[in-house]
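In structure tokens form, the structure reads like this:
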């Protein structure tokens, strides 16, 4: 029996295996090259407004805004993480994030500056700040989104979702954030959501309701993730 007849089949298998491995390594190299050139994933920073000594607005039932903000923010954080997003929360308890100050006013200044620093020190951040509205007349109601410079598309997506999925009777439109320190001092995409009016009794009752809070979180999370999936948004 000749050498080829004896070892020919084995030789063919070896060559085929080498070619397959080479192809796999080539493809792996291409995948690695693509993955290393992709932009890093965005990190959603969730800011539950106020906290601690700064309770924010007081509802018609005597409930502090800071607590409602935190409940909605925690639900939003859980949902985003469940859906695979990377998140950071500025606060997870009813506390101020101030680090200095002897008076309430000084502590508020420290608090808001620390919030700005938190966002600015988070790579690839997208900021969602949760608040509640209040007015001297009870008739006003409805969620409204305010946006930082360059974040109008994000705000429009959030506003549309809040109307379509939470309250179709809401005719409010998103607006640029004016004289809002946090929105004016961050450089990432950022939106501040006033989820409703604590001065409106019917809406205040909804904002305190667990099911309604979940609806708000779902609308925010869904529209935010859809926005982030659009090319060149971050």
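Residue numbers (the working numbering): 7 to 240.
Even for Gly, the Cβ is constructed at its ideal location relative to N, Cα and C.
Being a predicted model, the structure only gives us computed values, none of them experimental.
With respect to the C-alpha of residue 102, the residue from 92, 53, 59 having the closest C-alpha is 59. Under DSSP, residue 152 forms a beta bridge with 181, 198.
Within its own chain, the residues whose Cβ lies closer than 7 Å to the Cβ of residue 194, once the five positions on either side in sequence are excluded, are 125, 131, 132, 133, listed in chain order. Exclusion of the five residues before and after residue 67 leaves 210 as the residues of its chain whose Cβ lies within less than 7 Å of its Cβ. One thing to note: residue 205 has its Cβ no nearer than 8 Å to the Cβ of residue 153. Short of 6 Å from the beta carbon of residue 168, and not among the five residues preceding or following it, lie these beta carbons of its own chain, in chain order: 149, 225. In this model, residue 135 and residue 56 are separated by some 10 Å (Cα to Cα).
Residue 77 carries a helical assignment under DSSP once its states are collapsed to helix, strand and coil. Rounded to whole angstroms, the separation of the alpha carbons of residue 161 and residue 177 is 15 Å. About 5 Å separates the Cβ atoms of residue 83 and residue 52, confirming a contact at the 8 Å cut-off.
The C-beta separation of residue 164 from residue 230 comes to about 7 Å, placing the pair in contact by the 8 Å criterion. The residue from 207, 111, 95 with its alpha-carbon nearest to that of residue 146 is 207. DSSP places residue 127 in the coil class of the three-state scheme, outside both helix and strand. A Cβ-Cβ separation of about 6 Å places residue 105 in contact with residue 120 under the 8 Å criterion. Residue 133 is bridged by DSSP to 51, 196.
Between the alpha carbons of residue 62 and residue 114 lies a gap of roughly 11 Å. Closest by C-alpha distance to residue 70, out of 47, 85, 203, is 203. Secondary structure of residue 171 (DSSP, three-state): helix. In chain order, 195, 196, 197 place their CB closer than 7 Å to the CB of residue 157, counting only its own chain and leaving out the 5 sequence neighbours on each side.
Rounded to whole angstroms, the separation of the alpha carbons of residue 201 and residue 138 is 5 Å.
For residue 216, the three-state secondary structure derived from DSSP is helix. For residue 190, the enclosing alpha helix (DSSP H) covers residues 187-191. In the structure shown, residue 64 falls within a strand segment according to DSSP collapsed to helix, strand and coil. Taking 3 residues as the minimum length, the beta strand (DSSP E) runs contained wholly in the segment 89-129 are 92-95, in order along the chain. Within a 10 Å sphere around the beta-carbon of residue 46 sit fewer than 16 other beta-carbons, which makes this residue exposed.
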